[in-house]
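Colleague: Quick one: the structure is below, questions incoming.
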Amino acid sequence: MPEHKLALCRGCYPGWFVDHTDRAIRKFNMFTRNDRILVAVSGGKDSLALWHALRTLGYEADGFYIDLGIVGEDGYSSKSKQACIALSEALGRPLRVQSVSEAVGAPIPQIKDLTARSSCSACGLVKRYFMNRTSLELGYDVIATGHNLDDEVAVLFSNTLRWETGYLARQYPVLEDREGLKRKVKPFIYFTEKQTTIYTLINSLPYVRDECPYAVGATTLEYKDVINRLEHETPGTKRRFLDGFLKARHLFVDAEDVVLAPCTICAQPTVGEVCAYCRLINQVQTRLVTISADAHGASHQGQKAFTVLRDSDLRVDSA
Ligand code: Q46
Ligand code: ZN
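Position one of the sequence shown corresponds to residue 20 (the working numbering), numbered consecutively onward.
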């Protein structure tokens, strides 16, 4: 690891990795031994490595998998889910599972076709919503995600290129809880993708190597590529960019100091009367009703298109 001027053998690496995870947790006061942590797992290397590292450190951490219903060429969502179940069994901790199809009425690819949203926009919305609601309903204190240094620096790069001062003001490894929004933390903020991959491989964690098919061509990947080239030329660039920003972050002001109130339908926090998630379900189910009526040759004149249904309860798929 040239950025650390450090070379570690296979036997020492996991201990170094876990120790540095704990250092980041303590540096940013992310959580304590008394907190219950819900780890958002996607089946990829970062989130599974995070769950494994937190359990190795002895934190009370359970997994939360959102089944997006993405098939792709190789059954992306079902393979991801199987990886999460396998780690849940290996760790002996519960995996909470929420299916987008069951909750919204359609999987992510179909939501994209039924609404004006892109796959990633719909996906981001439902993921944020389910993570928050699930942690509240099941009494978790904090949501932990596997975002790593490469992710964080790519977002920082993007926000800086556009001078998104509001986003810059909010970019931090800890988002404190407020008005119904659970605290969110990123314990892997200082690890590169390569470092989490090595930890995953050494521990033989059952992660899915395929990227989500919708990630192809994402601007973030282009930024990562540019930043990796800079890092290659000058090791430590990523870390210096992030650390410099964290020191100067107070200079950015979040002008959007919005007041949150419970959604009138689902009671989750929102800036308007009805939250974006409930509006999304409304759109999806209205379209599905219309399509179904069209298929049966019925007229929709005066039809009451939509009733908001409460999602089915979360399942616990594994011990
Ligand atoms: S947002 Fe987009 Fe990712 Fe969702 S649809 Fe796939 S690429 S998984 S982090
Ligand atoms: Zn709502």
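Each residue gets a CB set at the ideal place from its N, CA and C atoms; glycine is no exception.
Every value quoted in this text rests on a predicted model; they were computed, and no experiment measured them.
Is residue 176 helix, strand or coil by DSSP?
Modeller: Residue 176 falls in the helix class under three-state DSSP.
Colleague: May I ask you to report which of helix, strand or coil DSSP gives residue 292?
Modeller: Residue 292 falls in the coil class under three-state DSSP.
Colleague: So is the beta-carbon of residue 117 under 7 Å away from any non-hydrogen atom of the ligand ZN?
Modeller: It does not: the Cβ of residue 117 is nowhere closer than 7 Å to a heavy atom of the ligand ZN.
Colleague: With a threshold of 8 Å on Cβ separation, who are the neighbours of residue 176 within its own chain once the five nearest residues in sequence on each side are excluded?
Modeller: Around residue 176: 242, 245, 246, 260.
Colleague: Extract the residue ranges of the alpha helix (DSSP H) inside the stretch 207-254, only unbroken runs of 4 or more that lie entirely within it.
Modeller: If we require 4 residues or more, the alpha helix (DSSP H) runs fully inside the stretch 207-254 come out as 212-221, 238-252.
Colleague: Among 43, 280, 99, whose alpha-carbon lies nearest the alpha-carbon of residue 228?
Modeller: Nearest C-alpha to residue 228: 99.
Colleague: Applying the criterion that 16 or more other CB atoms from any shown protein chain within 10 Å of the CB defines a buried residue, is residue 118 buried or exposed?
Modeller: It is buried - the Cβ of residue 118 has at least 16 other Cβ atoms within 10 Å.
Colleague: In whole angstroms, give me the CA-to-CA distance for residue 103 and residue 67.
Modeller: Computed Cα separation, rounded: 7 Å.
Colleague: According to DSSP, which residues form a beta bridge with residue 113?
Modeller: In DSSP, residue 113 forms no bridge with anything.
Colleague: Can you list, in chain order, the stretches of the alpha helix (DSSP H) that have 4 or more residues and sit fully within the stretch 57-130?
Modeller: Taking only runs of at least 4 residues, the alpha helix (DSSP H) segments lying wholly in the stretch 57-130 are 64-75, 95-110, 119-123.
Colleague: Is it right to say residue 178 is buried, meaning 16 or more other beta carbons lie within 10 angstroms of its own, or is it exposed?
Modeller: Residue 178 is buried by the Cβ-count criterion.
Colleague: Please list the terminal residues of the continuous beta strand (DSSP E) segment that includes residue 161.
Modeller: From DSSP, the beta strand (DSSP E) with residue 161 extends over 161-163.
Colleague: Would you tell me roughly how many angstroms separate the C-alpha atoms of residue 213 and residue 38, rounded to the nearest one?
Modeller: Rounded to the nearest angstrom, the two C-alpha atoms are 17 Å apart.
Colleague: How far does the alpha helix (DSSP H) with residue 42 in it extend, from its first residue to its last?
Modeller: It spans 32-46 - the alpha helix (DSSP H) in which residue 42 sits, taken as one unbroken run.
Colleague: Following a CB-centred definition, is residue 130 positioned closer than 7 Å to any heavy atom of the ligand SAM?
Modeller: Among the ligands in the structure shown, the ligand SAM does not appear; only the ligand Q46 and the ligand ZN can be found there.
Colleague: Please state the DSSP three-state secondary structure of residue 308.
Modeller: DSSP places residue 308 in helix when its eight states are reduced to three.
Colleague: Under a three-way DSSP split, which group does residue 257 fall into?
Modeller: Looking at residue 257 - three-state DSSP - the assignment turns out to be helix.
Colleague: Near the ligand Q46, which residues have their beta-carbon closer than 5 Å to a heavy atom?
Modeller: The answer, residue by residue, is 138, 139, 142, 231, 233, 234.
Colleague: Please work out which residues of its chain come closer than 8 Å, Cβ to Cβ, to residue 74, disregarding the five sequence neighbours upstream and downstream, and give them in chain order.
Modeller: Excluding residues within five positions, the ones whose Cβ falls inside 8 Å are 80, 110, 112.
Colleague: Mind checking residue 89: buried by the 16 CB within 10 Å criterion, or exposed?
Modeller: By the neighbour-count rule (16 or more Cβ atoms within 10 Å), residue 89 is buried.
Colleague: Check each candidate in 217, 313, 279 and name the one with the smallest Cα separation from residue 28.
Modeller: The shortest Cα separation from residue 28 among 217, 313, 279 belongs to 217.
Colleague: Tell me whether residue 281 sits in a helix, a strand or coil according to DSSP, three-state version.
Modeller: Residue state, collapsed to three classes: strand.
Colleague: May I have the straight-line CA-CA distance separating residue 240 from residue 209, to the nearest angstrom?
Modeller: Rounded to the nearest angstrom, the two C-alpha atoms are 18 Å apart.
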